[in-house]
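Okay, so the sequence shown: first residue is 334 according to my numbering, each after it adds one. Ideal Cβ positions, reconstructed from N, Cα and C, are used throughout, including at glycine.
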Amino acid sequence: MSELLDSVIVHDLKNRLALLADSLARLQPLTDTGEARELAACSHAQALALTHRLSGLLLTQRLASGRRLPVHLQEESPLQLLEELADDARLLSGGRLQIEAQALEQAQQQLPAAWVCDRHLLRLALDSALYNALHYARSHIRLTVALDADGMLVFSIADDGPGPEAAAPGEHSSGLGLQVCTAVAQAHRNRAREGQSRLSAGSGGGALYELRIP
Numbered sequence: 334m335s336e337l338l339d340s341v342i343v344h345d346l347k348n349r350l351a352l353l354a355d356s357l358a359r360l361q362p363l364t365d366t367g368e369a370r371e372l373a374a375c376s377h378a379q380a381l382a383l384t385h386r387l388s389g390l391l392l393t394q395r396l397a398s399g400r401r402l403p404v405h406l407q408e409e410s411p412l413q414l415l416e417e418l419a420d421d422a423r424l425l426s427g428g429r430l431q432i433e434a435q436a437l438e439q440a441q442q443q444l445p446a447a448w449v450c451d452r453h454l455l456r457l458a459l460d461s462a463l464y465n466a467l468h469y470a471r472s473h474i475r476l477t478v479a480l481d482a483d484g485m486l487v488f489s490i491a492d493d494g495p496g497p498e499a500a501a502p503g504e505h506s507s508g509l510g511l512q513v514c515t516a517v518a519q520a521h522r523n524r525a526r527e528g529q530s531r532l533s534a535g536s537g538g539g540a541l542y543e544l545r546i547p
């Protein structure tokens, strides 16, 4: 009973933080001064981060109890998901980092207009990876989405930080974000193929995170 009550409370907090984040986002263009806009943007970023952490907590509670993730599949635009991720990255970085997103014209030529997936779960995984990149990146983050040779949809987040070892479970990381990403990937299945979550060293240094969805 106590565990159920804890889950209900956390879920309620998550929903209220999501409403707060939305209100702060709408408040920003209404503020009259640069300082007020900056404070609204900072508050919005913190509300988004807290909402994400609570969503991850709910997910890990479900996994720990042996329950499967609820997957709600529908057609989503890969480009729109990428653009939303890039917008959030720019907001959360506060101008500290250069956020580079895949060129729209290039992506339109390579990608289908829609992909069947669970939008909420995908954003949960991608947000986890993005927060890691924002924490460790020194100067820039690159976001892309593409189809690989096996026909999998691949979202990638690359940074120029110290590399994947920094995000591995240990003194400075719980590894919770990577667990969430793996669970989200494995929840997506299509014709005996399962999604994949990978964290590796980037070709030019730093870390490269890839979420592959069949």
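When the Cα atoms are used, Pro-445 and Val-487 turn out to be separated by approximately 12 angstroms. CA-CA distance, Glu-408 to Leu-402, rounds to 19 angstroms. In the structure shown, Leu-383 adopts helical secondary structure according to DSSP, grouped into three states. By the Cβ criterion, the region 470-478 is not in contact with the region 511-518, since fewer than three pairs of Cβ atoms, one from each stretch, lie closer than 8 angstroms. Listed in chain order, the non-local C-beta contacts of Ala-534 below 8 angstroms within the same chain comprise Gly-496, Pro-497, Ala-540, Leu-541, local neighbours out to five positions each way being set aside.
The continuous alpha helix (DSSP H) containing Gln-413 extends over residues 411-426. Among the bridge pairs identified by DSSP, Ala-491 is matched with Arg-475, Leu-541.
Under the 10 Å beta carbon count, Gly-537 is surrounded by fewer than 16 other beta carbons and is classified as exposed.
Under DSSP, Asn-523 shares a beta bridge with Arg-526. Bounds of the alpha helix (DSSP H) holding Ala-466 are 452-469.
When the five nearest sequence neighbours on each side are left out, the beta carbons in the same chain lying within less than 7 angstroms of the beta carbon of Leu-418 are those of Leu-459, Leu-463, Leu-476, in order along the chain. Nearest neighbour of Arg-522 by Cα position, chosen from Leu-406, Ala-447, Pro-411, turns out to be Leu-406.
Arg-545 counts as buried, since no fewer than 16 other beta carbons sit within 10 angstroms of its beta carbon. For the 8 angstroms CB-CB criterion, His-473 and Gln-431 form a contact.
Leu-532 and Glu-543 have their C-alpha atoms some 6 angstroms from each other.
The residue among Ser-376, Glu-368, Gly-484, Gly-494 with its C-alpha nearest the C-alpha of Leu-424 is Ser-376. Look at Val-404 here: in three-state DSSP terms it is coil, with no helix or strand label. Between the alpha carbons of Gly-427 and Pro-411 lies a distance of about 25 angstroms. C-alpha of Ala-373 to C-alpha of Ala-499: approximately 31 angstroms in a straight line.
Assignment of beta-bridge partners to Ser-533 by DSSP yields Leu-541.
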